[in-house]
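In the working numbering, the protein residues as written are 806 to 895.
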């Protein structure tokens, strides 16, 4: 497609950057933070978001399914649990 998604420092420390789901325009390289997921996982699940290990975009391009590592609040990293995040894009 015309864009791809990533999460900065998604190897255990994504929480330190807010768990920023970032979109990159494939033609220009322009990056846009779509959502900060760590505050949502902390509040909703009581877990610190470490990073992503898989990500899929729906055929319509309006939903991202993300398998993510997460850990207990206050831990030094975001490992220990696996969560499925479903993100509906604007």
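Here a beta-carbon is modelled for each residue, glycine too, at the ideal position from N, C-alpha and C.
Would you please state the rounded distance, in angstroms, between the beta carbons of residue 807 and residue 832? I believe it to be under 8 Å.
-> Start at 1 with the first residue of the chain shown, and residue 807 comes out as number 2. Start at 1 with the first residue of the chain shown, and residue 832 comes out as number 27. With a Cβ gap of about 7 Å, residue 807 and residue 832 count as contacting.
Spatial distance of residue 851 from residue 873 (CA atoms) = Looking up residue 851 in the chain shown gives position 46. Looking up residue 873 in the chain shown gives position 68. Taking the CA atoms as reference points, residue 851 sits about 14 Å from residue 873.
Would you mind reading off the limits of the beta strand (DSSP E) that contains residue 876?
-> Position 71 of the chain shown, counted from the first residue, corresponds to residue 876. That run of the beta strand (DSSP E) goes 868-877.
Excluding sequence positions up to five away, which residues of its chain have a Cβ less than 8 Å from the Cβ of residue 817?
-> The count along the chain shown starts at 1 and reaches residue 817 at position 12. Taken in chain order, the residues that qualify are 855, 856, 874, 882, 883, 884.
Cβ neighbours of residue 820 in the same chain (closer than 7 Å, five flanking residues each side left out) = Position 15 of the chain shown, counting from 1, holds the residue named residue 820. Counting only Cβ-Cβ distances below 7 Å, and skipping sequence neighbours, we find 843, 853, 854, 855, 883.
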